[in-house]
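Enquirer:
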Amino acid sequence: MRSIPLAMTWELLRRGRSWLIVGFVVANALPMIMFGELRHQRALLPHDKSFFLISFMMMEINMFAFGVAIFAVQGHPSRLFVMPVPTSTIVAWHLFPAMALMALESIVSTAAANATFGLGWPIWGPAIFLAVMLAAVNALLWLTEKTVWMVIGLAPVAALLGLWFKSRFGPVFSQPTRLWTEVTLGEAAMMLGFAVAAYAVAVIAVARNRRGDPLPVLGIVAWIDRLFDSSPETRRPFRSPAEAQHWCEWRRKGWVMPGTVGLVIVGGFILWLIFNRDLRDLFGGLIAGGGMLSMAGFIGGVVIGNVGPSDKDYKMGQFLATRPITNRDLSKTILKTAAKSTLIAWGIWVLAFLLVGAIAGMRIIRQTEILHHLEAWYFPATLLGPWIVMAVMISVGLTGRTRPVLLLGGIVVAWVATMTLPHFVLPRPVEQVFYTGIGAASGIILIWGNARTFIVAWRRSLIGLPTMLVGLFGLLAILALAALTGVLNPRLPLILNLFFIGLLSLAVAPLAAVPLALSWNRTR
């Protein structure tokens, strides 16, 4: 390479091509499938005002999915701190190629959706804004990295930019009423100002990190540590390396999922208090929030599944790999932390749900529309769903490799496409047979894969007899639950029941998958 900027751009495009391709597919799969189904049902009404909300949400999903892919391949500026290049150049060539990719992806995705479905979505305004948003998030992350200031800094900036973007589609605190079809000179100047400010903050942040100057501390983290600390100085010495490791894991990662749930509930309550104040909407929002606990489980799984030396490096470092603790005990520690984190997060939601329900009273509860459409399985699913998502992400993250992540994303996208596309090309009788076969095959593959995972972990002495028995009894409990569901819902197809058995078996699979993944990472 003739220059460092050229090498940085090549690294982003060449070495990160797999992540970028997966991010592009994930960002566009859901909108394409959803719009295809709407057109098939003759319910695609792009010019109807009720459709503006869908377009706004699809733009947000697109930004999040492809933005995550860019963050995954960007790398940290610290790897260039020793290079003979100014800080301003390091920042510029970290931001500008990523911003160009974000804008280009948005343009291509929107143009393809418009050409395919005749949506008439705006192209230039959202594309430029997404690039600016990416730069702002990067700047704040570099400025506040590894400090409690990260939450304090990101929240108001994201809210400010998000509300400004929402105002391009109509009133800020109501549903979108129009599309952002034209970018005025004032809007262009505003986005340029955001971009310049983000670049300036990023230069200051990277320069400070390059010098090694810390941000001032608030003392919040130290106070929380003192409140929940069970270290030897305050109580008793650790009895084993496993107990010490559990204390360390919980102290570093355990409160991520409960903290996320608590912040979302408190933030939602504040917004409701300012803009709504209807108890039915608050109660209904909490009910719907139970279905969103899996998102918190995803975040918790990404954090707890990282045993690497940094946030972006999942490869186990020598410091942890050489600790006097076996893979079996270390796996139990990680799973114990994950289970405790999930239960506390779920308990926070349940407590908020019961508290608001008690305040609202039976009359308002009966008037809550969303409650009338729920089945009995919904509330147990609010606990099982986050646990399954968290456990799968932990198992994948503990491998310390990129390929399992790409493979998991590819499997999810392929499965969604397989379950959706035949609806448009196959006759109805053939379609039913096809879905029956795919559902049965998916359930059998999941059950066989989980059983195979237990057998391999047993043969490698990564799990003992108690863990095997727990897995067996867990599978029997799932079978009993499926049988009970079949009795209560006789119209439920047996094949669909088989698929859900396979899906629920993922709840016990981490008992064997986590030790296998950890062993693979530790012996690299």
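Residues in the sequence shown are numbered from 736 upward in steps of one, following the working numbering. The C-beta atom is built at its ideal place from N, Cα and C for all residues, glycine as well.
Which ranges would you report for the alpha helix (DSSP H) in the segment 755-819 if only whole runs of at least 4 residues count?
Expert: Entirely contained in the segment 755-819, the alpha helix (DSSP H) runs reaching 4 residues are, in chain order, 785-809.
Enquirer: So is His782 buried or exposed if we call it buried at 16+ other beta carbons inside 10 Å?
Expert: It is exposed - the Cβ of His782 has fewer than 16 other Cβ atoms within 10 Å.
Enquirer: For Trp754, which residues in the same chain have their Cβ closer than 6 Å to its Cβ, ignoring the five residues on either side in sequence?
Expert: Once the five neighbours on either side are set aside, the close Cβ partners of Trp754 are Ala804, Ala807 and Val808.
Enquirer: From what residue to what residue does the alpha helix (DSSP H) around Glu712 run?
Expert: The structure shown does not extend to residue 712, since the chain is modelled only from 736 through 1259, so no value can be given for it.
Enquirer: Which residue wins for smallest C-alpha separation from Arg913, given the options Ile739, Met1125, Trp856 and Gly802?
Expert: The option with the nearest alpha carbon to Arg913 is Trp856.
Enquirer: Would Val941 be called buried (16 or more neighbouring beta carbons within 10 Å of its own) or exposed?
Expert: So Val941 counts as buried.
Enquirer: Using only the alpha-carbon positions, how far apart do Leu1253 and Thr1134 sit?
Expert: In a straight line, the C-alpha of Leu1253 is about 6 Å away from that of Thr1134.
Enquirer: As a quick exercise: from Ala827, Glu840, Phe770 and Pro821, pick the residue whose alpha carbon is nearest that of Val760.
Expert: Nearest of Ala827, Glu840, Phe770 and Pro821 to Val760, Cα basis: Glu840.
Enquirer: Under three-state DSSP, which class holds Gly1144?
Expert: Gly1144: helix per DSSP, three-state reduction.
Enquirer: Distance check for Gly1020 and Glu917, CA to CA, integer angstroms please.
Expert: Whole-angstrom Cα-Cα distance: 34 Å.
Enquirer: Please name the residue in Ile863, Ser738, Leu876 and Phe900 whose C-alpha comes closest to that of Phe791.
Expert: When only C-alpha atoms are compared, the closest one is Phe900.
Enquirer: From Arg750 to Gly1132, what does the alpha carbon distance come to, in whole angstroms?
Expert: If I take the Cα positions, the gap works out to 20 Å.
Enquirer: Cutting at 6 Å between CB atoms, please list the residues of its own chain near Leu1239, excluding the five before and the five after it.
Expert: Answer for Leu1239: Ile1213, listed in chain order.
Enquirer: Taking a contact to mean a Cβ-Cβ separation below 8 Å, would you say Leu1197 touches Pro1250 in this structure?
Expert: Taking 8 Å as the Cβ cut-off, Leu1197 and Pro1250 qualify as a contacting pair.
Enquirer: Leu1210 to Ala1080, Cα distance in whole Å?
Expert: Taking the straight line joining both Cα atoms gives about 24 Å.
Enquirer: Would you tell me roughly how many angstroms separate the C-alpha atoms of Ser1029 and Arg777, rounded to the nearest one?
Expert: So the alpha carbons of these two residues sit roughly 32 Å apart.
Enquirer: Would you call Met818 buried or exposed, if buried means 16 or more other Cβ atoms sit within 10 Å of its Cβ?
Expert: Result: exposed.
Enquirer: Roughly how many whole angstroms lie between the Cα atoms of Val687 and His811?
Expert: Only positions 736 to 1259 of the chain appear in the structure, and residue 687 is not among them; the question remains open.
Enquirer: Using a Cβ-Cβ cutoff of less than 6 Å, which residues in the same chain neighbour Val826 once the five nearest sequence positions on both sides are dropped?
Expert: Ala937, Val938 and Val941, listed in sequence order.
Enquirer: If you draw a straight line from the C-alpha of Ile1022 to the C-alpha of Leu1008, how long is it?
Expert: Those two C-alpha atoms are separated by around 17 Å.
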